[in-house]
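Numbers given in this note's numbering equal positions in the sequence shown, counted from 1, plus 294. Every residue, glycine too, gets a C-beta built ideally from N, C-alpha and C. What you are looking at is a predicted structure, and each value in this text was computed from that prediction instead of being measured.
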Amino acid sequence: MKVILLTTFAIFMASCSTMRAPSINMLETRADYDENVELETMLEDGSPLFVPQKTKPQEVDIYIHPHETVHGDYFRGGFIRSIVKGSQWELTKVEAPPTKEEVRKKVESSSDRKKRETPKLMQHSRERRR
């Protein structure tokens, strides 16, 4: 009887450990490993992009005047640099990069322009005096 009960319990525990609900991993969904979201759909025409940039911390220089301390020591004075406001992440708005067609049009229009002529270099010092 003990053997049957122990075997039944072992089979029950083994079956419970293999029956697991599917998990939703938010990091894998956001990383888009399955490539469900394409970049072209995210970058629609004229849609702005937001780029995170870290701001510099706001620092101040504080001058401490020369004085005598409570214990009789003389402090010569000096500066202390203190951070008043720490650095933060801010989202800056950036225009969407140009598409291949826009770049191709710019290149074609720039080749139609007249090329600039470089100024001629002076050969001798006599030409400078004129």
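Can you tell me which of R324, T363, K394, P346 puts its alpha carbon nearest to the alpha carbon of Q382? Ranking the options by Cα distance to Q382, first place goes to P346.
Would you mind working out which of T302, D326, K350, M295 sits nearest E384, comparing C-alpha positions? The closest CA to that of E384, considering only T302, D326, K350, M295, is found on K350.
What separation, rounded to the nearest whole angstrom, lies between the Cα atoms of I434 and K379? One cannot answer for residue 434 here, as it falls past the ends of the chain, which runs 295 to 424.
R375 vs E353 beta-carbon contact at 7 Å: Yes.
Between which residues of its own chain and F373 is the CB-CB distance below 8 Å, once the five residues before and five after are set aside? Excluding sequence neighbours, F373 sits near D355, I356, Y357, I358.
Tell me F303's beta-bridge partners as DSSP assigns them. F303 is not bridged to any residue.
Closest to F344 by CA distance: which of L299, I298, V388, A325 is it? Measuring C-alpha to C-alpha distances from F344 to each of L299, I298, V388, A325 identifies V388 as the nearest.
Can you tell me where the beta strand (DSSP E) holding T386 begins and where it ends? Per DSSP, T386 belongs to the beta strand (DSSP E) from 383 to 388.
From A308 to T301, what does the alpha carbon distance come to, in whole angstroms? Roughly 11 Å between the two C-alpha positions.
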